[in-house]
Amino acid sequence: MFTQSFMLLTGLVLLYFGSSILVEGAASTAVMFAVRPVIIGLTIVSLATSAPELLVSLVAAYKGSGGISIGNILGSNVINIALVLGVSAVIRPVPISRQVVRIEIPYMIFISVVFWVLCMDSNINRIDGIVLIFFLSVFLIYGFLTAKDKSNGQTPPMDRPLKQLLKNLFFIVLGIIMLSLGANFVVKEAIVIASQMGLSQTFIGISVVALGTSLPELATSAVAAARGESDISVGNVVGSNLFNICLVMGVVGLFNPMSIDPSLHGFEFPFMIFICFVLGIMAFIKKGVNKPGGILFILLFFIYIIVSYIK
0 MFTQSFMLLT
10 GLVLLYFGSS
20 ILVEGAASTA
30 VMFAVRPVII
40 GLTIVSLATS
50 APELLVSLVA
60 AYKGSGGISI
70 GNILGSNVIN
80 IALVLGVSAV
90 IRPVPISRQV
100 VRIEIPYMIF
110 ISVVFWVLCM
120 DSNINRIDGI
130 VLIFFLSVFL
140 IYGFLTAKDK
150 SNGQTPPMDR
160 PLKQLLKNLF
170 FIVLGIIMLS
180 LGANFVVKEA
190 IVIASQMGLS
200 QTFIGISVVA
210 LGTSLPELAT
220 SAVAAARGES
230 DISVGNVVGS
240 NLFNICLVMG
250 VVGLFNPMSI
260 DPSLHGFEFP
270 FMIFICFVLG
280 IMAFIKKGVN
290 KPGGILFILL
300 FFIYIIVSYI
310 K
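In numbering that gives the first Met the number 0, the protein residues as written are 0 to 310.
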């Protein structure tokens, strides 16, 4: 018991410091290269914080634990919005830029709907994987083409000191490593505890594992919000949801096709789509997520977990 508690605490410490280092390196790099911070959040940061979902889902699918794999993705995407963005907004209101409201969030909603449609036959196969990877490629190309921050009057990248760039890259890599290790420690101990309590594989994936693998997003977005880097915070959430579906499920579909519990179509899939739409409406009307909105998201998170458990 002492060892489990120690590993859990170690994981939480790694998540905190890893997220802080990652945000610092990512934000500084965005300024140096006159790149929109939200693009850094949508790509580098979200890919890094989605690494635990990728590793956990691949291993779970390979070991035949499909419930944990798909539950992890559905739960993580709900948690990213409901808990991660909710907590970030409670710490400090999170404004959302017009372009994110008009393009990135609608694309996330579109991908979420596509994912549900592909899963309607209750399996993820290689064709589904190819489709998801294709949509990820479209998103990455868009990110590359729109990366330049036209409002930033900074000098060209070539004028930037190499020493500072190397320092930023070191921070980003170190932050990614610390987040991955921290998430791994937390998830391993959480799974052991949940299994001892007799919880189902799918529920463990939806709740315990999803919460554990979303801790990097939670830590990173909370730190970014506290520092006023709202673009990184929002970009991290939206980008992570896209990577979770397109990259994680795309790779799982390509290399380890698996079946999906049909009961997930009754609540978990619709709720994931629902909370994406709530974010879209809130962003469109309020131009961001304020503290009341953050509290609403946190309440929705608890409703999601309770209904998933009792249904």
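Where is the CB? At the ideal position from N, CA and C, for every residue including glycine.
* Span separating the alpha-carbon of G249 from that of K162 -> If you number the sequence shown from 1, residue 249 lands on position 250. If you number the sequence shown from 1, residue 162 lands on position 163. Whole-angstrom Cα-Cα distance: 37 Å.
* Which ranges does the alpha helix (DSSP H) cover as unbroken runs of at least 4 residues, wholly within the segment 35-108, from first to last along the chain? -> 36-39, 45-48, 50-61, 65-78 and 85-90
* For V237 versus L41, is the C-beta distance shorter than 8 Å? -> Sequence index remark: in the sequence shown, residue 237 carries index 238 (1-based). Sequence index remark: in the sequence shown, residue 41 carries index 42 (1-based). Yes.
* **Where the alpha helix (DSSP H) through P269 begins and ends** => Reading the sequence shown from its first residue, position 270 is the one you call residue 269. Here the alpha helix (DSSP H) through P269 covers E267 to K285.
* Sequence-distant residues of the same chain with beta carbon closer than 7 Å to P256, five excluded per side -> Within the sequence shown, residue 256 is the residue found at index 257, counting from 1. Excluding positions up to five away in sequence, the list reads N122, I123, N124 and R125.
* To do: Flag this pair as yes or no: are the beta carbons of G66 and Q195 separated by less than 8 Å?
  => Here the question's residue 66 lines up with position 67 in the sequence shown. Here the question's residue 195 lines up with position 196 in the sequence shown. Against a cut-off of 8 Å, the Cβ pair of Q195 and G66 comes out as no contact.
* Report buried or exposed for P156, applying the criterion of at least 16 other Cβ atoms within 10 angstroms of its Cβ. => As a first step, residue 156 is located in the sequence shown; it is residue number 157 there, counting from the start. Since pLDDT at P156 reaches only 48, below the 50 mark, its modelled position is unreliable, and the value read off the structure follows with that caveat. By the 10 Å Cβ count, P156 comes out exposed.
* Cutoff 6 Å; reference G128; Cβ partners in own chain excluding five residues on either side -> If you number the sequence shown from 1, residue 128 lands on position 129. Once the five neighbours on either side are set aside, the close Cβ partners of G128 are G249, G252 and L253.
* To do: Measure the CB-CB distance between G227 and G24 and report whether it falls below 8 Å.
  => Taking the sequence shown and counting its residues from 1, the one referred to as residue 227 is at position 228. Taking the sequence shown and counting its residues from 1, the one referred to as residue 24 is at position 25. No, they are not a contact pair.
* To do: Using only alpha-carbon positions, find the residue among N289, P105 and I309 that is nearest to F266.
  => The residue given as residue 266 occupies position 267 in the sequence shown. Considering only alpha carbons, the answer is I309.
* Is the beta carbon of V233 less than 8 Å from the beta carbon of S19? -> Translated into the one-based positions of the sequence shown, residue 233 becomes position 234. Translated into the one-based positions of the sequence shown, residue 19 becomes position 20. Not in contact: V233 and S19 (Cβ atoms no closer than 8 Å).
* Asked: Does DSSP put S213 in a helix, in a strand, or in coil?
  -> Counting from one through the sequence shown, the residue named residue 213 turns up at place 214. It is coil, neither helix nor strand.
* Asked: Okay, do the segment 111-121 and the segment 277-284 touch, 3+ Cβ pairs below 8 Å being the bar?
  -> no
* Does the Cβ of G152 have 16 or more other Cβ atoms within 10 Å, making it buried, or fewer, making it exposed? -> Residue mapping note: residue 152 aligns to position 153 of the sequence shown, counting from 1. Model confidence at G152 stands at a pLDDT of 49, short of 50, so the residue's coordinates are unreliable and nothing is read from them.
* Locate the alpha helix (DSSP H) running through D230, then write down its first and last residues. => Reading the sequence shown from its first residue, position 231 is the one you call residue 230. Segment S229 to L241, the alpha helix (DSSP H) holding D230.
* So, is P215 buried or exposed, given that buried needs 16 or more other C-beta atoms within 10 angstroms? -> Sequence index remark: in the sequence shown, residue 215 carries index 216 (1-based). Residue environment analysis places P215 among the buried positions, since at least 16 neighbouring C-beta atoms fall within 10 angstroms of its C-beta.
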